[in-house]
Structures are given as structure tokens and as C-alpha cells.
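Letter 177 of the sequence shown, counting from 1, is numbered 316 in the working numbering, and no numbers are missing.
Glycine included, every Cβ here is placed at the ideal spot set by N, Cα and C.
Have a look at the structure below before the remarks.
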Amino acid sequence: MSSQKCAGRAGCRRKKSWLYACLIGAILLGLLQIIEFQTGYSSLRPLDDAQSEARRLLKFITHYHFQCNYTLQVGSTNRSHWPICLEKEAGMDVESKIVKTALVLGTQFDLDLQVERYLAANCSFTLLLVSAPPQVFPAINRTHHLQINIVPNDPADYARNSYDQMTLNTLLQRYGIPNIDLLRMAQTANGVHMWELLHFMIRDNLLLHVQQFHVAMYIDKLDEDLLYNWYRALHDLFYSQGMRLYHTSSRDPLCVQVTLMESCMYYLSFIRDPGPRSFVLYPPADYGEVDTEEWRLLDYVNAPQSECRKEKKIGRSIICSTSFVFPCVFLLIRREFNRDADRAYFGHGCFVHILVLTPTEDFLYYPISPRTKKYRERQLSLDGVISLVDEIGTIQLLDIHFPGREWQILSLLMDHALHKNASQLSMEASLWGETKHPTQIRSVYSQLRRLDSWGFHLFYSSQKNKEKISAEAGAVYDLTFIRADTVV
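This is the structure we're talking about:
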């Protein structure tokens with residue numbers, strides 16, 4: 140009987156251990172879900188397999204961040220397919236007499252060097268050619284040939300600056316080059332991956348001193364580690380180095396049309412961030428599906444970046460009253476003039492100015508307070524509005540209520556810096572319309588990040604139609620932003 144009891148006890152112990160294991164597993168799973176919920180969207184999370192990584196990487200390199208309308212591309216057989224951006228806001232002025240620096244890594248087998256010949260012969264450039272032999276590229280004007288191999292600045296590699304190899308850090312220091320106007324990388328030393336070289340360049344912030352960057356990306360096989368390493372390098376190039384993709388090409392057109400990236404060479408062209416006056420479309424969330432784009436946008440909107448000690452409701456707007464300075468000014472942008480609808484903004488000791496955008500893209504000006512000295516006409520052009528805003532001076536609150544066109548209005552403000560004098564900006568914003576489209580959601584997210592780069596941080600966010608949310612209604616939010624230097 141005693142042996143039977145022992146067997147029974149052992150069985151009970153095993154049963155209890157199994158129950159404890161299940162309980163601990165459930166707790167750990169719950170904790171992981173809580174952590175994932177709290178951390179929100181993560182753009183650097185590894186995906187499940189090589190096909191998913193390839194799909195995400197291809198989405199990244201085929202969705203441009205910046206629209207460059209003016210480019211220089213010399214020769215009809217240029218195998219590199221790297222156009223130089225000449226855009227006024229952020230491009231290169233190749234006709235300027237100011238001497239610029241171009242550094243090119245590659246041989247005649249990697250590049251046809253026609254653009255380099257054009258720059259050396261016709262433009263004010265100091266041209267440093269790494270690995271290109273002098274016999275295929277004569278020393279035109281300020282051309283220098285360097286027969287060395289560029290390797291990553293890996294601290295674990297003690298031979299990185301010996302024999303016939305050198306890091307880019309050492310090269311720039313040796314030649315006294317603080318800034319590079321054009322950096323082209325088409326070749327690395329034997330056994331060195333381009334993504335690895337790029338990784339250490341990003342770690343050392345070398346690309347913060349580069350204006351235009353051209354790099355060749357070769358995918359020899361669908362390996363998830365290789366694909367992720369390239370994605371992480373390009374991701375960091377955008378987020379930490381301020382580089383914006385403006386052109387992608389490949390020797391094989393099929394390489395940019397399908398997700399089978401095997402044995403594909405891509406030529407990527409980046410430009411330094413042009414600043415908040417220019418629109419930059421952020422990279423897709425993962426592979427740019429509606430769900431992931433929505434996840435990223437909501438994660439941003441529901442996590443204010445600034446705080447206010449004392450909020451106050453005025454009209455449709457929630458404002459931070461501790462940052463108000465009297466006498467104050469309200470500037471309201473509307474679809475139509477409705478004194479009754481905006482009456483709640485009157486009587487707070489603030490001057491009120493209302494601008495109504497017309498179908499002809501002019502503005503009708505309704506000063507509730509006395510008119511400014513220079514503006515007595517009702518209709519203003521965009522230039523007139525710019526002058527009006529300059530004359531008004533500091534604006535405590537700029538409020539946008541223009542259902543259906545609020546994002547176009549916000550973009551117009553940022554294009555012309557019409558909000559530069561505002562301390563706070565509030566708007567009723569529809570995050571997506573009746574039909575969700577990933578590019579439209581990504582554009583909204585990009586506009587919010589653009590506003591953030593102007594120094595306006597979200598401090599109030601509230602969904603208006605939470606109880607009746609539907610695919611048709613979309614998601615409508617009341618948002619208020621405060622300029623960072625006015626937070627008290």
C-alpha cells in the first residue's frame with residue numbers, strides 16, 4: 140500500500156508541475172503581449188522569413204522619400220543609373236564656382252565613370268577615385284587616384300589601417316576632408332559586405348557630413364540575415380543620418396517589380412534632408428500594408444510628445460493656457476465664414492483673424508478685431524497671406540477646421556512657413572477617409588513627423604467619433620501641438 144501511495148504522490152507531483160508550467164507559460168505570454176502593446180510599433184523588428192524580409196526591403200527601396208524633379212545623368216549607357224539631384228531646395232549646384240568634393244569607390248567594371256569625367260572636366264570638383272586605375276581615368280584637373288581598399292571601421296579588426304587597406308575615417312582625416320558633396324560606393328574590399336561598411340559608417344556618423352550619397356546594393360541570394368542587415372542599414376540611413384531616397388534603379392527591370400530579389404543589383408540615390416519646408420514621405424511601415432501603416436500612425440497619435448500643466452477648451456480647441464502671452468492673437472483657417480460657429484473664440488482678450496480658403500486658392504480675410512494697417516481688402520493671394528502673417532507677429536493659436544482638406548491646408552502652411560509665428564496649432568483631423576489606402580495613411584504620418592521637425596510637439600489627442608467608428612467614418616481626432624520653445 141505504501142508503494143501505491145508513493146506512486147500516487149509522484150503522479151500528483153507531475154500533474155502539479157505540469158499545471159505550474161502551464162500557468163508560468165500563460166503569465167510569460169501575457170507579459171510579452173503587454174510589453175509589445177506598450178512598446179507599440181517597431182520598425183526594426185525582424186520578420187518571419189526571407190520572403191517577408193525581401194518584400195519589406197523592396198518596399199523601402201521603391202518608395203521614394205523625396206521627389207527630385209531636376210537631375211543630372213550623363214551618358215545613355217551609364218550602368219550605374221545614379222542621377223545627381225539638382226533640386227533647388229536640397230540639390231547640388233554643379234555650375235557653382237565653389238569647389239566641391241566627390242569621393243568614388245569603384246572601378247571601370249563597377250561604373251562607367253562618365254559622370255565622374257563630366258564633373259572633373261566641366262565642374263569645380265575635387266575628385267577622389269578609389270580603386271579606379273589611372274589608365275582608364277586620366278588625371279583631369281583636381282583628380283586623385285587612390286589604389287587602396289576601403290574596409291569597415293570595425294574596432295575588432297586591428298589590421299584595418301595596414302597594408303593596402305584603410306577605413307574611410309582614416310582617408311578623410313588624412314586628406315583633410317570635413318565634408319563630402321557626393322559620395323559614390325560601388326565596390327568594397329574582397330570579403331567585405333557593402334552593408335557592413337555602411338553599418339560602421341553610420342555608427343561613426345560619417346554620413347552626417349555627406350550631401351548626396353549613392354550606393355550599390357547587391358542581393359546574391361534570398362538570405363533573411365542578409366536582407367535584414369541591408370534593411371537595418373537603410374533604415375538607419377534614413378532615421379539617424381538624415382538621408383532621403385530619391386531614386387532607385389537596377390540593371391534588370393524585373394528586380395524592382397517583383398519580390399524575387401535574388402541575383403539583383405540595385406543603385407540607390409540619397410540626398411540630405413532638405414528641411415521641413417519640403418515634404419518627405421516616410422518609409423513604409425514593414426511592407427506597407429494598411430494594417431501596419433494604421434498601427435504606426437495610431438501609435439504616434441496616441442502617444443503625445445509634450446505635456447501641459449493646465450489645459451483649457453476654447454471653441455473647438457484644447458489649448459495649453461500656461462504658455463499664453465497677452466495681448467494674444469488667434470488665427471482661424473476655415474472652409475467658410477461662420478461668426479456664430481466661431482463665437483467661442485471671441486472675448487478671451489485675444490485678437491481674432493479668420494482666413495477662408497476659396498475654390499480659386501485665394502483667401503478671404505475676416506478680421507474680427509480691427510483690421511491690420513496694411514490690409515483692408517477682403518481677398519488676399521498667398522503672398523498677401525504671407526505678408527499678413529508677418530505683420531500680425533506672434534500667434535498664440537492657429538486653428539484649422541477644414542473637413543476633407545485639413546492635410547492639404549497643413550501642408551500649405553508648412554510649405555510657406557505660415558505657422559512659424561504660432562505658439563500652438565490645433566486641428567480636427569481625419570486620419571483616413573472612407574477607403575483606407577496605405578499611401579494616404581503614410582502621407583498623414585509623414586505630415587505629422589514634418590510638423591514635429593518644425594518643433595511642434597503633440598500634447599493633446601482625442602478621438603471624436605470613438606463610439607461610432609466605422610470603415611465609412613474613418614478616425615477623426617482633435618489634435619493640438621505646442622512649439623517646443625513655448626512649453627512652460
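Within a Cβ cutoff of 7 Å, which residues of the same chain sit near residue i, ignoring the five residues on either side of it in sequence?
i	result
F176	The pLDDT assigned to F176 is 40, lower than 50, so where the model puts this residue is not dependable, and the model offers no usable value.
L311	none
M356	M333, W369, Y405, L407
R588	Y421
E475	V495
A193	L361, L366, T398, M400
I316	T240
K451	I458, S460
I525	H555, L557
Y484	I453, G454, F469, L471, V491
T201	T387, V395
T210	P222, I223, C224, L225
Taking residue i as part of the alpha helix (DSSP H), name the residues at either end of that continuous run.
i	result
Y257	253-261
T431	429-440
M231	M231 -> no alpha helix (DSSP H), and no H or E assigned at all.
S582	577-592
E545	545-554
K198	189-201
Enumerate in chain order the residues of its own chain whose CB-to-CB distance from residue i is below 8 Å, with the five nearest sequence positions on each side excluded.
i	result
G488	F465, P466, C467
E401	I358, D359, K360, L361
Q444	D591, H596, L597, F598
V440	L570, L587, L597, S600, Y616, L618
A189	L361, D362, E363, L366
A328	N288, I289, V290, Q304
I174	Unreliable placement is indicated for I174, whose pLDDT of 46 sits below 50; no coordinate value is reported for it.
K603	E567, V615, Y616, D617
Starting from residue i and walking both ways along the beta strand (DSSP E), at which residues does that stretch end?
i	result
T240	239-244
L183	Here L183 belongs to no beta strand (DSSP E), and DSSP marks it neither H nor E.
I562	Note that residue 562 is Ser in the sequence shown, not Ile. Run containing S562: 561-569, per the beta strand (DSSP E) assignment.
D481	First-last for D481: undefined, no H or E at that position.
N208	N208 -> no beta strand (DSSP E), and no H or E assigned at all.
T282	282-285
R622	615-622
F595	595-602
R416	Counting along the chain, R416 falls outside any beta strand (DSSP E), and DSSP gives it neither H nor E.
T265	264-269
W289	At residue 289 the sequence reads Ile, which differs from the Trp that was named. Segment 288-290, the beta strand (DSSP E) holding I289.
Under 8 Å, do residue i and residue j count as touching if we go by C-beta distance?
i	j	result
D501	L519	yes
R416	M553	yes
L242	L267	yes
L336	I289	yes
G245	R323	yes
I580	E433	yes
S263	K239	yes
I279	A259	yes
V395	S389	yes
I472	V491	no
R411	Q350	yes
D343	N292	yes
D438	T431	no
H348	N318	yes
A561	I534	yes
Y203	R435	no
F620	V419	no
Just to confirm my understanding: we take residue i, look at its own chain, exclude 5 residues before and 5 after, and list those with CB closer than 6 Å. What are they?
i	result
G230	C224
Q286	none
K575	V429
H338	A372
E376	Note on identity: in this sequence residue 376 is Leu, with Glu being the wrong assignment. Hits under 6 Å: M382.
C207	C224, E226, Y385
H353	W221, R323, S408
R622	S562, G594, F595
G427	K198, P577
Y302	none
L321	A241, Q351
Of all Cβ atoms in chain D, is any one closer than 8 Å to the Cβ of residue i?
i	result
M400	Considering every chain present, this structure includes no chain D. It has just one protein chain.
Segments assigned beta strand (DSSP E), at least 3 residues, entirely inside the segment 345-401: 349-358, 382-389
Touch test, the segment 368-384 against the segment 183-196, Cβ-Cβ under 8 Å, three pairs minimum: yes
Segment contact flag, the segment 553-566 with the segment 439-459, C-beta cutoff 8 Å, min 3 pairs: yes
Every unbroken beta strand (DSSP E) inside the segment 294-349 [3 residues or more]: 304-306, 319-324
Complete beta strand (DSSP E) runs within the segment 494-544 (minimum length 3 residues, chain order): 502-506, 534-540
Length-filtered (3 minimum) beta strand (DSSP E) runs lying within the segment 445-477: 450-453, 456-459, 467-473
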